[in-house]
RNA sequence: GCGAUUGUGGUAUAACGGUUAUUACGUCUGGUUGUGGUCCGGGAAACGAGGGUUCGACUCCCUUCUUUCGCCCCA
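Numbering (this note's numbering), first residue to last: 91 to 470.
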């Protein structure tokens, strides 16, 4: 029997496992600081619901949805992202409604280095939003990225602005043209022009290459300008990128994308409509953050080695746990214990043997320096 | 999904159309050492899967799966 993980799925073991949960917990706390409320939603939903409005958008996305059937022959699907579930969650909520969610989403799509078919999305959304909320969620991201010591650039554009430009040159606004525009910073000038030509949109290229000041003449640029100003108030900069489109989907106003050292985008989002309300949201995946973070993630661990003093060792472990330390007890010889500590990156070792018990002095051995210091137990 | 690429114990590797498939690390185990990354001994564990060619295939061929990289799209 083959027990390997399926292509695009991954185990997180050891250091990766702790790194994962440290990032998740940190993100959760930041979201809470902004009074977003946490929700949990089912992984499985009706297929038609998961597909949502994307039906008319592009077949590609739909083929990326994992589908399944239950015993009652219901057509079901694994959630592709979280936003569609807001249709249900946001009903009858006083606006603005701020919620966040962290959990796995599934996409049956080709994999590569930083792309998985199951990944953990961290998503914040505000229903009943204005551009002020857009700035707020960007500042949330900025804070998380800062904590993770990730160098990043936030790019912004506006879908209405793109529409204005397309109208101006008399090109129909279709997802394919938008798709080509989105590739501007990826392909060569020649390729882009050729691709755009197919839609009679080669003129767009020249416009998108113009300096930012040129775009002031478009009405929708004011939304970008406003967001820029608001972000400045928060103390960070964002960059206008007229070719940023974010593929297909439901965006109607400002769209954002955050880039870092890897070629894949690390955060993406924008403003859209849900249940007749303007909404804005952004999300990132823990897996991709793990790929770029420079943060040193370490959990302080203690190993108590019982040298024939099991009861004392367990007592000591209990005391340390009450103080909030992470501790495990090892029953065995000193050299094996130290080897064990090394192998699981346990940095502090305390031997509990006859001598220690008699003298009532325990020493904490630091595995990196090799030195020992006296253990002082706080009175509790 | 398409195109290219990859595949030997957990990891990293060696060899070969022909007996029992190399080595290292890790892992399990016995002994030694009251303060380490030792030392000595023993063990488990691999040719991705299926078919074909052949007297004989880990080796050649086909299929499939897997890996990696592009395309498409995305976090």
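Even for Gly, the Cβ is constructed at its ideal location relative to N, Cα and C.
When you compare only the Cα positions, how much space is there between residue i and residue j?
| i | j | result |
| --- | --- | --- |
| residue 211 | residue 269 | 24 Å |
| residue 431 | residue 462 | 15 Å |
| residue 381 | residue 171 | 20 Å |
| residue 230 | residue 193 | 18 Å |
| residue 126 | residue 227 | 10 Å |
| residue 425 | residue 335 | 60 Å |
| residue 410 | residue 419 | 11 Å |
| residue 284 | residue 378 | 33 Å |
| residue 99 | residue 206 | 6 Å |
| residue 367 | residue 104 | 44 Å |
| residue 267 | residue 294 | 10 Å |
| residue 447 | residue 402 | 8 Å |
| residue 221 | residue 417 | 48 Å |
| residue 185 | residue 275 | 38 Å |
| residue 321 | residue 134 | 37 Å |
| residue 374 | residue 364 | 20 Å |
| residue 303 | residue 123 | 36 Å |
| residue 376 | residue 450 | 46 Å |
| residue 246 | residue 279 | 21 Å |
Classify residue i as buried or exposed, calling it buried when 16 or more other Cβ atoms lie within 10 Å of its own Cβ.
| i | result |
| --- | --- |
| residue 406 | buried |
| residue 181 | exposed |
| residue 301 | exposed |
| residue 259 | exposed |
| residue 434 | exposed |
| residue 343 | buried |
| residue 163 | exposed |
| residue 277 | exposed |
| residue 359 | buried |
| residue 348 | buried |
| residue 467 | exposed |
| residue 178 | exposed |
| residue 202 | exposed |
Excluding sequence positions up to five away, which residues of its chain have a Cβ less than 7 Å from the Cβ of residue i?
| i | result |
| --- | --- |
| residue 239 | 383, 384, 385 |
| residue 310 | 248, 250, 251, 254 |
| residue 174 | 139, 140, 142 |
| residue 458 | 437 |
| residue 159 | 165, 166 |
| residue 341 | 249, 360, 361, 362 |
Cutting at 6 Å between CB atoms, please list the residues of its own chain near residue i, excluding the five before and the five after it.
| i | result |
| --- | --- |
| residue 196 | 156, 168, 208 |
| residue 298 | 332, 333 |
| residue 415 | 392 |
| residue 235 | 242 |
| residue 370 | 216, 219, 223, 224, 361 |
| residue 421 | 396 |
Quick one: what's got a C-beta closer than 8 Å to residue i's C-beta in the same chain, skipping five residues either side?
| i | result |
| --- | --- |
| residue 107 | none |
| residue 440 | 392, 393, 394, 395, 406, 452, 453, 454, 455, 465 |
| residue 137 | 155, 157, 165, 166, 167 |
| residue 257 | 263 |
| residue 146 | Any reading at residue 146 needs caution, since the residue's pLDDT is 49, under 50, leaving its predicted position unreliable; the model's value is listed next. Closer than 8 Å at the Cβ level, and outside the excluded window around residue 146, lies no residue. |
So residue i packs on residue j, CB below 8 Å; how close in whole Å?
| i | j | result |
| --- | --- | --- |
| residue 330 | residue 314 | 6 Å |
| residue 214 | residue 121 | 6 Å |
Q: Could you tell me which uninterrupted alpha helix (DSSP H) segments, each at least 4 residues in length, are contained entirely in the stretch 163–228, listed from first to last along the chain?
A: As summarised for the stretch 163–228, the continuous alpha helix (DSSP H) elements at least 4 residues long and confined to that stretch are 176–179, given in chain order.
Q | Contained alpha helix (DSSP H) runs [length at least 4] in the stretch 337–415, N- to C-terminal order | A | Annotation: the stretch 337–415 contains the following complete segments of the alpha helix (DSSP H) (minimum length 4 residues), in chain order: 376–382, 400–412.
(Q) List, from N- to C-terminal side, the beta strand (DSSP E) runs of 3 residues or more that fit wholly inside the stretch 224–272. (A) If we require 3 residues or more, the beta strand (DSSP E) runs fully inside the stretch 224–272 come out as 243–248.
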